[in-house]
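Everything on this sheet refers to the single structure shown next.
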Amino acid sequence: MGNNRYSIHTFMFPFQWDYLSKDPKRNIAYNDRTRLSDFDRLFSANSCLKRKLFQVDDSASKYSEYTYFYPFVRKALYHTNDDDFMRYYELEEENGIYNIDYNSGESIRTFSLKLDSICLHVFDTGVGVLSFNISNYNYPDKEDILIINDYGRRIYPQYLSNEGSKKNQGVKGSFLADKIYGHLGDFSFEDNFEQYEDPIENNACFLPPQHIRNIFGYSINEKIGDYGKDFVFRDEEERKKAIRIRQITDDRMFFLCYYNNSNIVNSLAKKSKDAASEICYDFELDPFWYSFVHGDKGAPTVKEDRFQQNQILKCTYTRWLDYKSKDPDCDGTLFGITKDSFVCLGAWSELEKHMVTMYYQMAVLCLIQRASVLRFSYEITQITHSIFNKKVDLSKQIKEIYENYIIFLNRIYFREVTSQIQGIELYTMFQEAMNLEKEVKDLDNEIQELFEYQNMQEQRRLNKIASLFLPITLITSFLGMNTFDDGLIPEPLRIPVNIAVILMMIYVFYMFFKDSFKRKK
Numbered sequence: 000m001g002n003n004r005y006s007i008h009t010f011m012f013p014f015q016w017d018y019l020s021k022d023p024k025r026n027i028a029y030n031d032r033t034r035l036s037d038f039d040r041l042f043s044a045n046s047c048l049k050r051k052l053f054q055v056d057d058s059a060s061k062y063s064e065y066t067y068f069y070p071f072v073r074k075a076l077y078h079t080n081d082d083d084f085m086r087y088y089e090l091e092e093e094n095g096i097y098n099i100d101y102n103s104g105e106s107i108r109t110f111s112l113k114l115d116s117i118c119l120h121v122f123d124t125g126v127g128v129l130s131f132n133i134s135n136y137n138y139p140d141k142e143d144i145l146i147i148n149d150y151g152r153r154i155y156p157q158y159l160s161n162e163g164s165k166k167n168q169g170v171k172g173s174f175l176a177d178k179i180y181g182h183l184g185d186f187s188f189e190d191n192f193e194q195y196e197d198p199i200e201n202n203a204c205f206l207p208p209q210h211i212r213n214i215f216g217y218s219i220n221e222k223i224g225d226y227g228k229d230f231v232f233r234d235e236e237e238r239k240k241a242i243r244i245r246q247i248t249d250d251r252m253f254f255l256c257y258y259n260n261s262n263i264v265n266s267l268a269k270k271s272k273d274a275a276s277e278i279c280y281d282f283e284l285d286p287f288w289y290s291f292v293h294g295d296k297g298a299p300t301v302k303e304d305r306f307q308q309n310q311i312l313k314c315t316y317t318r319w320l321d322y323k324s325k326d327p328d329c330d331g332t333l334f335g336i337t338k339d340s341f342v343c344l345g346a347w348s349e350l351e352k353h354m355v356t357m358y359y360q361m362a363v364l365c366l367i368q369r370a371s372v373l374r375f376s377y378e379i380t381q382i383t384h385s386i387f388n389k390k391v392d393l394s395k396q397i398k399e400i401y402e403n404y405i406i407f408l409n410r411i412y413f414r415e416v417t418s419q420i421q422g423i424e425l426y427t428m429f430q431e432a433m434n435l436e437k438e439v440k441d442l443d444n445e446i447q448e449l450f451e452y453q454n455m456q457e458q459r460r461l462n463k464i465a466s467l468f469l470p471i472t473l474i475t476s477f478l479g480m481n482t483f484d485d486g487l488i489p490e491p492l493r494i495p496v497n498i499a500v501i502l503m504m505i506y507v508f509y510m511f512f513k514d515s516f517k518r519k520k
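When the letters of the sequence shown are read in order and numbered with numbering that gives the first Met the number 0, they come out as residues 0 to 520.
Structure (structure tokens):
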């Protein structure tokens with residue numbers, strides 16, 4: 000392993016989690032499923048990652064990172080003794096290894112990378128982000144950088160085929176690694192995705208690879224479905240006192256990558272020689288830059304120049320692109336952001352630090368925002384499916400979803416996170432790439448409609464109560480003391496009549512609210 004770090008790669012797995020405080024077939028309220036104390040108790044007992052508080056102390060880099068963000072944003076990013084809605088866990092050891100075997104078409108080639116650390120960010124909205132932080136000291140070529148990004152982030156087969164001796168043989172030759180294996184301290188993993196050769200249930204298409212499931216307490220010899228695990232990944236394994244983990248992405252993890260290469264970035268800053276051409280800089284139609292930004296391992300997955308140009312301009316940040324022509328002693332820089340990636344190409348030593356500190360935190364925050372929106376949408380869908388089930392009382396769940404959504408808007412979803420102009424611009428690009436503003440607005444409408452439905456149901460219930468007590472009031476007035484004094488009801492019949500009235504009131508009350516009595520709380 001050389002001394003020069005050619006690139007850094009961070010693969011990020013956003014997920015949804017639910018603590019099953021009782022029988023999962025019963026209706027469990029949102030707050031009961033998303034208590035951080037329950038997650039912390041089970042995760043700390045099963046995982047090799049340890050809970051870690053953020054402390055600036057005498058660290059210059061931590062100080063720079065911490066002060067980069069607004070004070071109200073720091074509470075969402077850094078786990079301290081003062082916060083109560085996020086947790087941070089970490090495993091950092093020397094001599095970690097992250098190996099990727101892939102089928103090059105002619106043979107199996109191995110990329111041997113350094114696994115620096117594994118981090119987990121968990122929030123009380125019931126979502127989290129698991130990150131694998133990797134360094135590349137051995138492979139300087141741009142083709143290798145693309146292969147590492149594409150194969151390193153895949154977590155299950157994109158498709159299966161009956162051609163060949165194995166169902167995953169075809170996908171391993173095009174998208175999926177042949178094997179991913181390595182270790183960090185006592186944590187080890189090895190996965191060749193052979194579990195997809197067995198029959199697969201409809202609700203169990205995602206069988207997490209070892210480097211994900213082993214974080215949650217599985218050993219290298221244990222499989223998904225082994226009984227008694229505190230973290231489960233399929234419906235059939237759900238049980239009381241376990242935590243259910245659900246993916247919220249496709250077969251690819253989000254990836255962050257910094258590639259140190261001054262020659263490439265300066266070549267992409269060259270202007271078109273054709274003055275009449277709409278193409279201004281070479282990066283706009285450069286195949287490597289498009290593939291690097293979008294996580295393709297080879298040629299771009301677009302074959303029309305105008306479309307490629309429009310797409311790449313939307314996701315490229317060019318503030319420092321042409322630095323070389325302004326100052327020969329400096330090199331240019333390019334950033335690229337999509338909903339699945341955040342990449343940087345440059346040669347300034349500080350860029351590497353920024354990518355693993357404040358820009359990494361920015362990526363985590365946006366992933367948590369997107370995951371939370373998807374989580375709330377999932378909850379609304381589940382509630383909607385239960386609306387016509389008269390045995391289920393949804394009022395508590397609807398109120399809790401609404402309350403937690405308000406907390407999300409104030410604690411996690413921010414319009415701006417820093418006063419630094421470049422940070423503002425990059426964060427805006429993140430928001431646009433993930434379509435967060437529209438998604439939050441749509442979610443707001445869905446929650447408002449659900450809350451209005453709940454208010455309508457409450458009003459209907461109040462109307463029932465009013466309708467019930469109106470005749471009771473009339474009967475009570477009719478059977479008042481003056482009525483009895485007038486002798487309308489003979490003395491011997493007064494007690495039986497009162498009993499009959501009470502029984503009638505009980506019957507009417509029951510008929511109005513019998514559905515409520517049958518509901519499972």
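For glycine and all other residues, C-beta sits at the position ideal for the given N, C-alpha and C.
Here DSSP, grouped into helix, strand and coil, assigns R243 to strand.
In the three-state reduction of the DSSP assignment, C343 falls in the strand class. The straight-line gap separating the alpha-carbon atoms of R233 and C47 is approximately 22 Å.
Judged by DSSP secondary structure, R108 falls within the beta strand (DSSP E) whose first and last residues are I107 to F122. From the listed residues P156, Q194, S160 and I214, the smallest Cα separation to G184 is found for I214. Cβ-Cβ distances below 8 Å link P491 to nothing in the same chain once the five nearest sequence neighbours on each side are left out.
In this chain, the beta strand (DSSP E) harbouring H8 covers S6 to Y18. When secondary structure is reduced to three states using DSSP, V363 falls in the helix class. The residue among E303, I263 and A370 with its C-alpha nearest the C-alpha of D330 is I263. Exposure of A44 is indicated by the presence of fewer than 16 other C-beta atoms within 10 angstroms of its C-beta. With fewer than 16 other Cβ atoms inside 10 Å of its own Cβ, T66 counts as exposed.
Secondary structure at I199: coil, using DSSP grouped into helix, strand and coil.
Contact annotation: the region 333-352 does not touch the region 398-410, with fewer than three C-beta pairs closer than 8 Å. Under DSSP, Y180 shares a beta bridge with N98 and E189.
The alpha carbon of F413 has as its nearest neighbour, out of I386, K395 and L364, the alpha carbon of L364. Judged by DSSP in its simplified three-state form, M252 adopts coil rather than helix or strand. Bridge pairing for M85: F122 [DSSP]. The secondary-structure analysis by DSSP pairs L333 across a beta bridge with L344. In this structure, N260 and L344 form a Cβ contact; the two beta carbons are roughly 6 Å apart against a cut-off of 8 Å. Taken through DSSP and simplified to helix, strand or coil, R50 comes out as strand. An exposed status is given to L312, since fewer than 16 other beta-carbon atoms sit within 10 Å of its beta-carbon. By the 16-neighbour rule on beta-carbons within 10 angstroms, P207 is buried. Of the candidates G294, H78 and R238, H78 places its Cα closest to the Cα of R50. Membership of N309 in the alpha helix (DSSP H) is indicated by the continuous run D304 to K313. Here F205 carries a coil assignment [DSSP, helix/strand/coil]. Between T356 and E92, the C-beta gap is not smaller than 8 Å, which leaves the two residues out of contact. Using a 10 angstroms sphere on the CB of E378, the tally of other CB atoms reaches 16 or more, which defines it as buried. Here D326 is exposed. Its C-beta has fewer than 16 other C-beta atoms within 10 Å. For the pair D339 and F254, the Cα-to-Cα distance works out to about 7 Å. Under DSSP, V128 forms a beta bridge with P13 and H120. About 7 Å separates the beta carbons of M85 and V121, which is inside the 8 Å limit, making them a contact pair. In this model, D177 and E200 are separated by some 23 Å (Cα to Cα). Beyond the five residues adjoining it in sequence on each side, F341 comes within less than 6 Å, by CB distance, of L255 and A362 in the same chain, given in chain order. A straight-line Cα-Cα distance of about 21 Å links N132 and Q368. For R40, the uninterrupted alpha helix (DSSP H) run begins and ends at L35 to N45, by DSSP.
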